[in-house]
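For the sequence shown, the UniProt record's numbering assigns the number 1 to the initial residue and increments by one for each residue that follows.
The beta-carbon is built from N, C-alpha and C at its ideal position, and this holds for glycine as well.
All of these numbers come straight from a predicted model, not from anything done at the bench.
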Amino acid sequence: MTPVVASKKVYIKAYKKFLKETVHYKVNADKINVLTYDKKGKLSEAKVFKRLTKEEKKLDYNYECDVRDDKKLFHS
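Okay, structure coming up:
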């Protein structure tokens, strides 16, 4: 079996497992909790994301703009 076929099967298996999961979102003040439950209803994954401040948003936006400009510069 070639590596491409093997990786394709792994991807399909993971995708089918993902379809059986349930995701819940909870918003708490400046945080977002993402809770993922498996087919049996057991908690399989919990992630917490913190909201960005205005300064952090601006810094992130400027970084993304610089990356986009660099890609244009080096790929033209």
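The alpha helix (DSSP H) enclosing Lys-57, as first and last residue numbers: Per DSSP, Lys-57 belongs to the alpha helix (DSSP H) from 54–74.
Proximity below 9 Å, CB of Tyr-72 to CB of Phe-49: Checking the sequence shown, residue 72 turns out to be Lys, not Tyr. In this structure, Phe-49 does not lie closer than 9 Å to Lys-72 by Cβ.
Coil, strand or helix - Ala-29 by DSSP: The answer is coil: DSSP assigns Ala-29 none of H, G, I, E or B.
Euclidean distance between Cα positions of Leu-43 and Val-67: Cα to Cα, Leu-43 sits roughly 37 Å from Val-67.
CA nearest to the CA of Thr-53, picked from Phe-74, Ala-29, Thr-22, Leu-19: Nearest option by C-alpha distance: Ala-29.
Asp-69 to Glu-55 span [Cα, whole Å]: In a straight line, the C-alpha of Asp-69 is about 21 Å away from that of Glu-55.
First through last residue of the beta strand (DSSP E) which encompasses Glu-45: Start and end: 43–50.
Closest by C-alpha distance to Asn-33, when choosing among Arg-51, Lys-9, Tyr-11: Measuring from the Cα of Asn-33, the nearest candidate turns out to be Arg-51.
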